[in-house]
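Keeping their order, the protein sequence lines are chains C and B.
Per my numbering, residue 21 is the first one in the first sequence, and the count goes up by one each step.
Per my numbering, residue 46 is the first one in the second sequence, and the count goes up by one each step.
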Amino acid sequence: MKSSHEKFAPWLTLLARLALGGVLLVAGGLKVSKPTESANATAAYKILPTDLAHLAGYALPWLEVVIGLLLIFGIMVRYAAVAGGLIMIVFIGAIISVWARGMVIDCGCFGGGGVLDPSLAASARRTYLIEILRDLGLALCALYLYFFPSGKLGIEKTSSEEQ
Amino acid sequence: MAKPQVKARDNTNRWIIIAMAVLVVATGVIFSMLGQSNKENAALAGLDGTKLKPAVVSTIDVENGSAITYNSGLATVIDIWEDPQCPVCKNFENAIGEYVNSLVREKKATVRFHVLSFLGDESVRAANAGFCAADEGQYLDFNTALYKVQSPLENSGFWSGETLISIGKKIGITSSKFANCVTKGSNVALVQANAESMAKFGVRGTPTIFINGKVWEREISDFNLIEFRAAVEGA
Numbered sequence: 021m022k023s024s025h026e027k028f029a030p031w032l033t034l035l036a037r038l039a040l041g042g043v044l045l046v047a048g049g050l051k052v053s054k055p056t057e058s059a060n061a062t063a064a065y066k067i068l069p070t071d072l073a074h075l076a077g078y079a080l081p082w083l084e085v086v087i088g089l090l091l092i093f094g095i096m097v098r099y100a101a102v103a104g105g106l107i108m109i110v111f112i113g114a115i116i117s118v119w120a121r122g123m124v125i126d127c128g129c130f131g132g133g134g135v136l137d138p139s140l141a142a143s144a145r146r147t148y149l150i151e152i153l154r155d156l157g158l159a160l161c162a163l164y165l166y167f168f169p170s171g172k173l174g175i176e177k178t179s180s181e182e183q
Numbered sequence: 046m047a048k049p050q051v052k053a054r055d056n057t058n059r060w061i062i063i064a065m066a067v068l069v070v071a072t073g074v075i076f077s078m079l080g081q082s083n084k085e086n087a088a089l090a091g092l093d094g095t096k097l098k099p100a101v102v103s104t105i106d107v108e109n110g111s112a113i114t115y116n117s118g119l120a121t122v123i124d125i126w127e128d129p130q131c132p133v134c135k136n137f138e139n140a141i142g143e144y145v146n147s148l149v150r151e152k153k154a155t156v157r158f159h160v161l162s163f164l165g166d167e168s169v170r171a172a173n174a175g176f177c178a179a180d181e182g183q184y185l186d187f188n189t190a191l192y193k194v195q196s197p198l199e200n201s202g203f204w205s206g207e208t209l210i211s212i213g214k215k216i217g218i219t220s221s222k223f224a225n226c227v228t229k230g231s232n233v234a235l236v237q238a239n240a241e242s243m244a245k246f247g248v249r250g251t252p253t254i255f256i257n258g259k260v261w262e263r264e265i266s267d268f269n270l271i272e273f274r275a276a277v278e279g280a
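This is the structure we're talking about:
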């Protein structure tokens, strides 16, 4: 059992890196060119004070792109995975909070965002669940990468083996 | 001997990568913020040279949600429910606002402006300023100007009392009464009355437009002047 995992671990690591990194890169990439939309989207969660929410909305797309690129290229995988995992946990918490408060918003995960028409409440709740499950899966990728950061096709080979 | 050397170099690389990542994110944030305030200031500067049209006296229709009301008692009645920060309301204003203003000025319809403020503090401030402009008989022009400079970022801090007064000044509302009214929030009670009347009239979002008491359901997804005019003239 253990030896078979050892054999596949580098490939699983590559897969986890591409999944988490790919989603982060796409999500961030779609938002970097629309900072205002992103800032409006974070404010729509009504968790942070408006000014801080705007700041987070400006920073998030760039943060996602940077972490995504590090994971895809395989640089500082363990650190990038911790950062990516923490972001996913924040996202999950934010969506649960919105859901619990009965708000109907677009998460703005891949651009867009903002308050939705209240008549869409039922479909919004379904979407919240899907988003939470998706982010949970990505958080698990991050967890795996924390324990097995060295994989195939990574630039930083030697250092990750030393970790 | 070789191994510790490699490790030391790797640590340096690590810090370089972390520093560069922070730099990228910080640069992104700074440029986003600058871009935002540049856009807002450019829009404000765009109001320079606006000529104020003649004043039109409005009333406050307490029975109908304390709306700003023009030409009370005509056969055609248009109710416009909007929030000054709502981007879709800006689309409505761009396509149809001028026509609505002409209906008011030519006394062809009763028009009631219900100024809502559910999008946050800056909506409350802007709505209050709208009522202050109405006190001067200048709601139409002030409302047009508000949408011209509407920030795409809600509650960005742009619509401070100071900016709202300067919007007034730029279009020709220069009285100190207006400035005081904006600063003191003299009409906040009216803003609140408008907000509270939403439920009574079954308004859930903005913009909502009623023509003779019936919600205008548009068939063209973008606001279309010809469609709207036909709806008003057929009413």
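Glycine is no exception: its CB is placed at the ideal position from the N, C-alpha and C atoms.
The stretch 154 to 173 of chain C makes contact with the stretch 100 to 108 of chain C: 3 or more CB pairs, one atom from each, lie closer than 8 Å.
Beta bridge pairing from DSSP links D126/C with G134/C.
Nearest in C-alpha terms to A142/C, of all of K51/C, V124/C, A159/C, is V124/C. In the DSSP assignment, A224/B falls within the unbroken alpha helix (DSSP H) covering 221 to 229. Only residues of its own chain outside the window of five on either side were considered, and among them V160, S162, V169, A172, N173, F176 have a CB closer than 8 Å to the CB of V236/B, listed in chain order. Three or more Cβ pairs closer than 8 Å define a contact, and the stretch 114 to 133 of chain B meets that threshold against the stretch 251 to 265 of chain B. Rounded to the nearest whole angstrom, the CA to CA distance from A190/B to I107/C is 41 Å. The stretch 69 to 126 of chain C contains, as complete alpha helix (DSSP H) runs of 4+ residues, the segments 70 to 93, 97 to 120 (chain order). If only uninterrupted alpha helix (DSSP H) runs of at least 4 residues are considered, those enclosed by the stretch 123 to 208 of chain B are 132 to 137, 143 to 150, 166 to 180, 184 to 194. K215/B sits close to D93/B, with the two beta carbons spaced by under 9 Å. Taking 9 Å as the upper bound on Cβ-Cβ separation, chain B lies near residues V52, P55, T56, E57, S58, A59, N60 of the stretch 32 to 60 of chain C. Taking all protein chains shown into account, K222/B has fewer than 16 neighbouring C-beta atoms within 10 Å of its C-beta and is therefore exposed.
In the displayed model, V260/B falls within a strand according to three-state DSSP. Interface flag for M108/C against chain B is unset, since no Cβ pair is found closer than 9 Å. Taking CB atoms only, A66/B has a neighbour in chain C less than 9 Å away. Contact residues of the stretch 170 to 200 of chain B toward chain C are S196, P197, L198, E199, N200 (C-beta to C-beta distance below 9 Å). Within chain B, the C-beta atoms nearer than 8 Å to that of V86/C come from A66, V69, V70, in chain order. If you look at I152/C, you'll find it in the alpha helix (DSSP H) that goes 141 to 167. Contact between L165/C and I112/C is ruled out by a C-beta separation of about 17 Å, above the 8 Å threshold. Within the same chain, and ignoring the five residues on either side of G132/C in sequence, the residues whose Cβ sits closer than 6 Å to its Cβ are D126.
For R59/B, the neighbours in chain C by C-beta distance under 7 Å run, in chain order, M96. A direct Cα-Cα distance of roughly 45 Å separates L79/B from A29/C. Taking every protein chain shown into account, the CB of G142/B has 16 or more other CB atoms within 10 angstroms, so this residue is buried.
Against M78/B, the close residues of chain C are Y78, in the order they occur along the chain (beta-carbon pairs closer than 7 Å).
A distance of 9 Å or more separates the beta carbons of T114/B and V145/B.
Proximity of chain B to P169/C at the Cβ level (cut-off 7 Å) is not reached, the minimal Cβ distance being about 13 Å.
It is roughly 24 Å from the alpha-carbon of L75/C to the alpha-carbon of V133/B.
Non-local C-beta neighbours of C161/C in its own chain, meaning closer than 6 Å and more than five positions away in sequence, comprise A36, A39, L40, ordered along the chain. The C-beta distance from I92/C to L45/C rounds to 6 Å, short enough to fall under 8 Å. Residue contact check for D137/C against chain B: a CB pair falls below 9 Å. Measuring C-alpha to C-alpha distances from L163/C to each of T33/C, E26/C, H25/C identifies T33/C as the nearest. Looking from the CA of I63/B, the closest CA among I95/C, G49/C, S23/C, S24/C belongs to I95/C. Across the structure, S231/B and A178/B are spaced so that their CA atoms are roughly 12 Å apart. Here N239/B is buried: its Cβ has 16 or more other Cβ atoms, across all protein chains shown, within 10 Å. Counting along the chain, no beta strand (DSSP E) covers T251/B, and no H or E run does either. Bridge partners of T114/B according to DSSP: T104/B, R157/B.
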